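Using the working numbering, you'd call the opening residue of the sequence shown number 104 and step up by one each time.
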Amino acid sequence: MNIQNIEVIDLASTYEYVWNNFKVPWEEIPEHMITMCEKGERNKYVISEIIHIVVNELRQIKELIPAKILKKVASDMCEKFPLMFRDIDNDGVVMADGSCTMFCKLHERASYLRRPHKRKLSTTDKVPPKLVKKKVNIMAGCSNWDDRSVNDDVDLKMKVNTCGTCPADLENFHDLLEKTYGDQRQFLNNIQNPPTVLEIKKEWPVLFKEPAIIWHFQKLTSKDLNTLPTIIEKNAQSIKKFGVKIKKLQGNEYEDWETSLKFVANYFNEDLNYFYYKTKEDDNAAKSSAPCVIEIENKNEFFVFMENEKVLEVKSGIEGIKIAFGLYFIFNLQYPHETSLTLEFIQRFFMKIHPDAGTGSKKNKNSKNKVITLINKLK
């Protein structure tokens with residue numbers, strides 16, 4: 104027999120041996136994910152992350168993974184954690200053990216990694232003339248809007264979307280946010296077809312976690328969003344005094360910060376209820392599709408809404424103001440007509456964001472002058 108043929112046969116036998124003795128690398132799976140598997144706490148992002156880890160380990164043997172090995176691995180995974188990987192319907196009825204579904208997921212991931220990948224063009228490169236003004240306005244106040252450091256790394260994306268945000272995890276969390284910031288901006292900066300809340304929740308759910316919102320806002324604008332509540336409270340008394348002086352403020356039934364913002368809205372003939380709305384019913388009836396805060400008075404609960412979807416629960420009304428305001432910048436949103444000048448006042452007076460060009464306001468070009476006039480009167 105030809106020596107070269109013997110070597111080929113031996114190599115094939117070696118691969119066959121390694122494949123057949125492959126063990127799912129559970130020791131590589133983060134501990135909190137293993138705990139979720141044991142408890143059967145089903146989470147599509149955790150399952151995807153596990154799929155990625157397993158396929159990456161298989162590819163260490165050979166990039167072309169035999170289907171029969173993927174089937175065996177899928178079966179082993181379902182046998183190890185049946186509560187996590189089994190197929191269930193919307194009513195919680197078990198339909199199958201999940202091995203077929205897991206095989207498909209493993210196969211899709213392995214096939215994806217074998218395909219050649221071209222770097223995506225930025226969604227902001229070509230903007231129709233009619234949208235140029237919109238682009239200028241949504242970029243207003245952003246010092247790091249069009250970040251081109253795109254990784255297109257699915258593993259990193261899954262990690263940041265599933266990473267814990269407790270104090271012990273924050274350093275790693277911020278590192279993952281930094282590495283995926285360019286990818287987040289490329290996704291969000293689609294001016295012609297901006298993503299909806301549901302699309303953002305699907306692709307980048309991390310952007311609805313408070314620590315991520317704070318970090319992203321600072322990266323985007325170079326301003327610390329966490330300072331907003333303190334700054335509003337610090338200036339509330341002087342704003343109230345001015346309101347009383349010009350006879351546009353009476354009574355004091357709200358907290359100082361809320362009274363001051365209500366005065367600002369009234370001064371501009373706007374309705375703060377479109378940004379901060381109180382209700383005694385848990386009816387989720389936001390008055391605006393733009394980012395806003397709803398307070399359920401009889402439960403002392405506070406929620407941030409966007410596109411009439413509840414996106415975040417916060418601990419107080421003023422914390423909700425902080426988060427809702429930050430979402431306008433992060434998601435490229437212009438201020439709605441009903442609270443346009445009030446929000447521009449928050450931007451300029453409290454956050455000291457003074458763009459050279461553009462405005463977040465949907466109102467006419469005099470809106471900036473009206474806001475600056477009030478700011479000057481408060482000096």
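C-beta atoms are modelled at their ideal positions from N, C-alpha and C, and glycine is treated no differently. Because the structure is a prediction, the values reported are computed rather than measured.
Open item on the list: Under DSSP, the beta strand (DSSP E) around E182 begins and ends at which residues?
Closed with: Along the sequence shown, read from residue 1 onward, the residue named residue 182 stands at position 79. Taken as a continuous stretch (DSSP letters only), E182 belongs to no beta strand (DSSP E), being part of the alpha helix (DSSP H) at A170 to K183.
- [ ] Whole angstroms is fine: what's the gap from K351's alpha carbon to E416's?
- [x] For the purposes of this step, residue 351 is taken as residue 248 along the sequence shown, with counting starting at 1. For the purposes of this step, residue 416 is taken as residue 313 along the sequence shown, with counting starting at 1. Taking the straight line joining both Cα atoms gives about 33 Å.
TODO: Determine the DSSP secondary structure at K383, reduced to helix, strand or coil.
DONE: To locate residue 383, count along the sequence shown from 1; it is residue 280. Here K383 sits in coil by DSSP.
Task: For R451 and L477, the rounded distance between their alpha carbons - done: Sequence index remark: in the sequence shown, residue 477 carries index 374 (1-based). Sequence index remark: in the sequence shown, residue 451 carries index 348 (1-based). Per the coordinates, the alpha-carbon of L477 lies some 11 Å from the alpha-carbon of R451.
TODO: Report yes or no: do the stretch 291-302 and the stretch 257-275 share at least 3 C-beta pairs separated by less than 8 Å?
DONE: Between the stretch 291-302 and the stretch 257-275 there are fewer than three C-beta pairs closer than 8 Å, too few to call the two in contact.
Open item on the list: Considering only the alpha carbon of each residue, which of I426, M180 and F371 lies closest to E313?
Closed with: The residue given as residue 313 occupies position 210 in the sequence shown. Taking only the C-alpha atoms, the option nearest E313 is I426.
TODO: My understanding is that A339 touches T445, with C-beta atoms under 8 Å, so please give their C-beta distance in whole angstroms.
DONE: Stepping through the sequence shown from its first residue, residue 339 is reached at position 236. Stepping through the sequence shown from its first residue, residue 445 is reached at position 342. So it is not a contact: roughly 14 Å between Cβ atoms.
Open item on the list: Which residue marks the beginning of the alpha helix (DSSP H) containing I424, and which one marks its end?
Closed with: If you number the sequence shown from 1, residue 424 lands on position 321. For I424, the enclosing alpha helix (DSSP H) begins and ends at G420 to I433.
Open item on the list: Based on DSSP bridge pairs, tell me the residues matched to N398.
Closed with: Counting from one through the sequence shown, the residue named residue 398 turns up at place 295. A small fix is needed here, since residue 398 is Glu in this sequence, not Asn. E398 has K381 and F405 as its beta-bridge partners, per DSSP.
- [ ] Note the first and the last residue of the continuous alpha helix (DSSP H) segment covering V417.
- [x] Residue numbering aside, residue 417 sits at position 314 when the sequence shown is read from its first letter. Counting along the chain, V417 sits inside no alpha helix (DSSP H); it lies in the beta strand (DSSP E) bounded by residues E412 to V417.
- [ ] For Q353, count neighbouring C-beta atoms within 10 Å of its own C-beta (all shown protein chains included) and say buried if the count is 16 or more, exposed if not.
- [x] Residue mapping note: residue 353 aligns to position 250 of the sequence shown, counting from 1. With fewer than 16 other Cβ atoms within 10 Å, it is exposed.
Open item on the list: Please identify the residue among A389, G423 and E400 whose C-alpha is closest to the C-alpha of K410.
Closed with: As a working note, residue 410 is residue 307 in the sequence shown. Lys is not the amino acid found at residue 410; the sequence shown has Glu there. Comparing alpha carbon positions, the residue from A389, G423 and E400 closest to E410 is A389.
Task: Contacts around G429, its chain only, beta-carbon distance under 6 Å, and the 5 residues preceding and following it disregarded - done: Counting from 1 along the sequence shown, the entry for residue 429 is found at position 326. Exclusion of the five residues before and after G429 leaves I316, F320 and L328 as the residues of its chain whose Cβ lies within less than 6 Å of its Cβ.
Open item on the list: So if DSSP puts I191 in a beta bridge, which residue, or which two residues, is it bridged to?
Closed with: The sequence position of residue 191 within the sequence shown is 88, counting from 1. I191 has V197 as its beta-bridge partners, per DSSP.
Task: Sufficient close CB pairs (3 or more, under 8 Å) joining the stretch 232-250 to the stretch 179-198 - done: No, the stretch 232-250 does not touch the stretch 179-198.
Open item on the list: Can you look up Y148 in the DSSP assignment and give me helix, strand or coil?
Closed with: Your numbering for residue 148 matches position 45 in the sequence shown. Residue state, collapsed to three classes: helix.
TODO: Determine the direct distance from the alpha carbon of I456 to that of K326, and round the result to whole angstroms.
DONE: In the sequence shown, counting from the first residue as 1, residue 326 sits at position 223. In the sequence shown, counting from the first residue as 1, residue 456 sits at position 353. Answer to the nearest angstrom: the Cα atoms are 8 Å apart.
Open item on the list: Distance check for Y379 and E404, CA to CA, integer angstroms please.
Closed with: The residue labelled residue 404 in the question sits at position 301 within the sequence shown. The residue labelled residue 379 in the question sits at position 276 within the sequence shown. Cα to Cα, the separation comes out at about 13 Å.
Open item on the list: Quick check: what's the CA-CA separation for Y357 versus D374?
Closed with: Position 254 of the sequence shown, counted from the start, is the residue given in the question as residue 357. Position 271 of the sequence shown, counted from the start, is the residue given in the question as residue 374. Spanning the two alpha carbons is a distance of roughly 16 Å.
TODO: May I ask you to verify whether the stretch 234-246 touches the stretch 272-283, counting CB pairs closer than 8 Å and requiring at least 3?
DONE: The stretch 234-246 is not in contact with the stretch 272-283.
Open item on the list: By the DSSP assignment, the alpha helix (DSSP H) with S202 in it spans what residues?
Closed with: What you label residue 202 is simply residue 99 of the sequence shown in a count that begins at 1. S202 to R217 is the extent of the alpha helix (DSSP H) around S202.
Open item on the list: Does Y370 come out as helix, strand or coil in the three-state DSSP assignment?
Closed with: Working through the sequence shown from its first residue, we reach residue 370 at position 267. Three-state result, Y370: helix.
Task: Member of P128, S178 and V149 whose CA lies at the smallest distance from the CA of V158 - done: To locate residue 158, count along the sequence shown from 1; it is residue 55. Looking at P128, S178 and V149, the one whose alpha-carbon comes closest to that of V158 is P128.
Task: Endpoints, the alpha helix (DSSP H) within which D258 is located - done: Taking the sequence shown and counting its residues from 1, one reaches residue 258 at position 155. D258 -> alpha helix (DSSP H) spans V257 to T265.
TODO: Quick one: give me the first and last residue of the alpha helix (DSSP H) that D286 is part of.
DONE: Reading the sequence shown from its first residue, position 183 is the one you call residue 286. Unbroken alpha helix (DSSP H) run through D286: L273 to L291.
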